[in-house]
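*Asks:* Let me give you the structure first, and then I'll get to my questions.
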Amino acid sequence: MNKILITGAAGQIGVELTQVLRDKYGAKNVVPTSYNKPAYGKFIQHETCLSLDVRDASALAQLVADAQCDTIFHLASLLSAVAEAKPLEAWDINVNGLLNILEVARTYHCAVFFPSSIGAFGPETPYFNTPQDAIQRPKSMYGITKVSGELLCDYYYHHYGVDTRGLRYPGLISSTALPGGGTTDYAVDIFYAAVKNRHYDCFLRADTQLDMMYMPDAIAAAIQLMETKAATLKHRNAFNVAAMSFTPAQLAAEIQRHLPDFTISYQIDPIRQAIADSWPRHLDDGAARAEWGWQAHYDLAATVADMLKHITLNEQKINVKVPIKSFS
Ligand code: AKB
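Residue numbering for the sequence shown is 4 to 331, as defined by my numbering.
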């Protein structure tokens with residue numbers, strides 16, 4: 004990786020990935036782009052984050068050509084709950100946007116990182132130890148766009164030799180940037196509510212078990228996969244990765260070990276609950292371990308301790324957005 008373009012750089016993954024890539028490859032070799040002006044100006048300076056709509060193929064091509072990029076981390080995407088509320092826009096951004104990225108990668112010989120998701124699976128998939136190669140019949144528009152993305156990445160590799168690689172991320176937890184409209188957002192919102200109000204009203208049922216990962220592991224996985232020698236990869240795209248799997252009740256209990264007066268109640272959002280109920284509980288990430296040495300470092304206890312430490316420290320400094328509650 005010599006010159007790296009990042010789309011969706013102001014999003015939950017993008018904010019932290021941009022910083023880690025800049026530290027590793029040099030700030031001048033990383034080109035962060037975002038559709039919206041970054042809400043997290045503290046973390047990505049406005050003047051260095053370029054404005055880009057991934058649906059604008061010619062602007063994208065111009066940028067890649069001008070900056071002479073050889074790698075693209077394509078993070079721009081609508082998440083599951085928003086995609087369910089805006090299915091056509093989700094298709095346009097998540098699928099047509101990716102097609103533009105793949106076409107520009109084919110023309111300018113770029114490698115591409117594409118984040119898929121546990122959302123690429125559906126209720127017909129085994130819920131536990133979900134295999135790397137399993138039936139994929141997602142019921143959400145988000146999941147449909149993610150399966151389409153996985154297949155398009157395979158297609159561009161097999162037909163054009165584009166070096167496409169990707170992961171199936173679980174719900175991601177981070178103390179830097181908030182997620183925007185996902186089903187697993189509760190696992191981030193809960194920390195801010197715990198620190199500020201000692202109470203959280205959860206939109207998923209207490210027993211909704213899902214795979215989750217702390218952001219430092221998610222960032223390390225993406226970079227490690229992109230740095231792996233191509234010859235060792237059999238799957239290339241859509242690697243299952245896992246770190247921990249828990250329910251809202253288990254997460255609340257772990258937070259209570261640090262904040263004994265924290266309480267949780269449940270007010271179910273039927274749309275997000277239905278999405279969560281259709282997703283696997285725990286992925287088998289054996290292929291990622293075997294092919295490129297994947298290993299998570301943060302479990303539930305370590306994640307909760309680190310999140311509470313950072314959010315408590317930053318509470319006064321970070322301009323926290325109000326967590327999204329409804330998408331109707
Ligand atoms: C979402 O909830 O939509 C995402 C995901 C699991 O892909 N966090």
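Just so you know, even glycine gets a beta-carbon here, dropped at the ideal spot from N, CA and C.
For the ligand AKB, enumerate in chain order all residues having a CB closer than 5 Å to any of its heavy atoms.
*Replies:* That query returns the following residues: Leu82, Ser83, Ser120, Gly122, Gly174, Gly185, Thr186, Thr187.
*Asks:* Going by Cα to Cα distance, which pick from Asp204, Asp280, Leu155 is closest to Tyr269?
*Replies:* Locating residue 269 in the sequence shown gives position 266, counting from the first residue. For Tyr269, the nearest C-alpha among the options comes from Asp204.
*Asks:* Would you mind stating whether Arg140 and Asn99 have Cβ atoms separated by less than 8 Å?
*Replies:* Taking the first residue of the sequence shown as 1, we reach residue 140 at position 137. Taking the first residue of the sequence shown as 1, we reach residue 99 at position 96. No, the pair does not count as a contact, with Cβ atoms beyond the cut-off.
*Asks:* What would DSSP say about His49, mapped onto helix, strand or coil?
*Replies:* Position 46 of the sequence shown, counted from the first residue, corresponds to residue 49. Low per-residue confidence applies at His49: pLDDT is 49, beneath 50, and the placement is therefore not dependable, though the value from the model is reported in the following sentence. Reduced to three states, the DSSP call for His49 is helix.
*Asks:* Please confirm whether Ala290 and Gln135 have their CB atoms less than 8 Å apart.
*Replies:* The residue you call residue 290 lines up with position 287 of the sequence shown. The residue you call residue 135 lines up with position 132 of the sequence shown. Closer than 8 Å, so yes.
*Asks:* Enumerated in chain order, which unbroken segments of the alpha helix (DSSP H) with a length of 4 residues or greater are wholly contained in the region 14–43?
*Replies:* With a minimum length of 4 residues, the continuous alpha helix (DSSP H) runs that stay inside the region 14–43 are 15–28.
*Asks:* Please report the straight-line C-alpha distance between Ile267 and Ile258, rounded to a whole angstrom.
*Replies:* Taking the sequence shown and counting its residues from 1, the one referred to as residue 267 is at position 264. Taking the sequence shown and counting its residues from 1, the one referred to as residue 258 is at position 255. Their Cα atoms are separated by approximately 10 Å.
*Asks:* What is the rounded straight-line gap between the Cα of Ala190 and the Cα of Asp95?
*Replies:* Numbered from 1 along the sequence shown, position 187 holds the residue referred to as residue 190. Numbered from 1 along the sequence shown, position 92 holds the residue referred to as residue 95. Rounded to whole angstroms, Ala190 to Asp95 spans 28 Å at the Cα level.
*Asks:* Per DSSP, which one or two residues make a beta bridge with Ala114?
*Replies:* Counted from its first residue, the sequence shown places residue 114 at position 111. Thr74, per the DSSP bridge assignment.
*Asks:* If you run the structure through DSSP and keep just helix, strand and coil, what is Leu316?
*Replies:* Residue mapping note: residue 316 aligns to position 313 of the sequence shown, counting from 1. Correct three-state label for Leu316: helix.
*Asks:* Under the DSSP definition of a beta bridge, which residues are partnered with Asn243?
*Replies:* In the sequence shown, residue 243 corresponds to position 240, counting from 1. Bridge partners of Asn243: Arg171.
*Asks:* Going straight from the alpha carbon of Ala30 to that of Thr10, what length do you get?
*Replies:* Residue numbering aside, residue 30 sits at position 27 when the sequence shown is read from its first letter. Residue numbering aside, residue 10 sits at position 7 when the sequence shown is read from its first letter. Cα-Cα distance, rounded: 16 Å.
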